[in-house]
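Protein chains in written order, with this note's numbering: chain A, 684 to 903; chain B, 505 to 762.
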């Protein structure tokens, strides 16, 4: 188990460009809004929570492809699926490592983008917590779609079609937490909802991902 | 007990299903074609107008059955998905494949009729209300299932992937169902329940009930009909299909992948 964690992290770390691209995408999408909507601070302040959350969701969806693609291509996904370790646990580790390398950096650079979009300082901690709780849910839900479409040559659009409807509740609660905090209201309720999603996602999604991986590797 | 198991095992046989659906199909089609016009004409022309909304409430007789089906078709698909993943029953895959486009269409009908109803009563075509939004998500989930069937290369992997999607997506159904109770929304709570007496007079709710039954019959008829053609296509190399459709199967076999 421990070895799997270190190999996973090493493998992900060696694909730096693939890790950096979604982050760049995140930054670029966020910087499009001041250009397209208005550079005025009062206006940007209003849309900042939504823009940050939508951009973070799209960025984490873009990086989903790397979760299983390489392992599928070199056959190691098949080895995992037919090995004697419980696939549920392996998937949990895989998605966890993937989130550490792709989701966490996204959360870490979000305050910078918050500043660029004039998000009030009071809302920064809430935004960080909401993304910290929300991005694991996105990774967990997205992993099901990524595993289902890994055997397809052009899986990208299908992943979006499958994952985005399921991402919607996360976006609703995530951005409404940030909106509440930026208006000086308590955001505990929304954050607790996100925490509940995270717990449910971490418990249940690897089960679905494991059976999706079995479907993908057994149907070639 | 043994006979129950035998009945259960029958469902794994496409041939048995084909023969069973052949005898059911005319009844379901007939009922659908009688009940829906009766309900719609009754509802649109003869039911008393609402004391508040006047005649604009009459779209209810389209909106209610389509919204009920939008949810329950997905529920059926999820049950079929479970059956397909656990027992690997081919019929369940076929059901999901043919039910998804019907579900998407009926969800679209529910959304459109709701929008048309919303304009005179709420003053707007669309609000980002909890029930409307979750129904929209439902519509996207149906489209996702349809997309899987068109993207996957083999029918087996498509069926199993779609089954899994249905099982994951079914979390949305209780959200739609209870959205009107959990959140303060513009959409009214459920009009009917199985346990309580309806809050409207019989000449108003009876056509709605008939419409719901009619829509279910229509769903059954369309599904059976499309499942039949899917079964014939998938089983085109088996003996019973060859014997039955001698000339047709020769053509299908002769050509490239249809």
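C-beta atoms are modelled at their ideal positions from N, C-alpha and C, and glycine is treated no differently.
At a C-beta separation below 8 Å, residue 898(A) has these neighbours in chain B: 661, 664, 665, 668. In chain order, 747, 748, 750, 751, 842 place their CB closer than 7 Å to the CB of residue 829(A), counting only its own chain and leaving out the 5 sequence neighbours on each side. Chain-ordered listing is empty here: chain A has no CB closer than 7 Å to the CB of residue 585(B), the nearest sitting near 11 Å. The three-state reading of DSSP puts residue 724(B) in helix, counting H, G and I together.
Closer than 8 Å to the CB of residue 590(B) there is not a single CB belonging to chain A. C-alpha of residue 824(A) to C-alpha of residue 859(A): approximately 20 Å in a straight line. When DSSP states are grouped into helix, strand and coil, residue 748(A) belongs to the helix group. Rounded to the nearest whole angstrom, the CA to CA distance from residue 618(B) to residue 698(A) is 49 Å.
The alpha-carbon separation between residue 691(A) and residue 852(A) amounts to approximately 29 Å.
Closer than 9 Å at the C-beta level to chain B, one finds these residues of the segment 855 to 882 of chain A: 855. Secondary structure remark: continuous beta strand (DSSP E) runs of at least 3 residues inside the segment 760 to 832 of chain A: none found. A residue is called buried once 16 or more other Cβ atoms fall within 10 Å of its Cβ, and residue 756(A), having fewer, is exposed.
In the DSSP assignment, residue 558(B) is bridged to 554(B).
Between residue 804(A) and residue 695(A), the CB-CB gap reaches or exceeds 8 Å. Secondary structure note for residue 528(B): its alpha helix (DSSP H) is the uninterrupted segment 518 to 545.
Here the alpha carbons of residue 601(B) and residue 655(B) stand approximately 13 Å from one another. The Cβ-Cβ distance between residue 723(B) and residue 577(B) falls below 8 Å. By the C-beta criterion, the segment 878 to 897 of chain A is judged to be in contact with the segment 764 to 779 of chain A, since at least 3 inter-stretch pairs fall below 8 Å.
Using a Cβ-Cβ cut-off of 8 Å, residue 648(B) counts as an interface residue toward chain A, since at least one Cβ of chain A sits closer than that to its own. Legend: CB atoms of the segment 629 to 644 of chain B lying less than 7 Å from CB atoms of chain A belong to residues 641, 644. Listed along chain A are 835, 841, each with a C-beta nearer than 7 Å to that of residue 655(B). Here residue 628(B) carries a coil assignment [DSSP, helix/strand/coil].
In the three-state reduction of the DSSP assignment, residue 633(B) falls in the coil class, being assigned neither a helical nor a strand state. Under a criterion of Cβ atoms nearer than 9 Å, the residues of chain B adjacent to residue 827(A) are, in order, 668, 669, 672.
Taking 8 Å as the cut-off, the Cβ atoms of residue 845(A) and residue 625(B) do not count as close. DSSP, read as helix, strand or coil, puts residue 690(A) in helix.
For residue 551(B), no CB of chain A lies under 8 Å from its own CB, so it is not counted at the interface with that chain.
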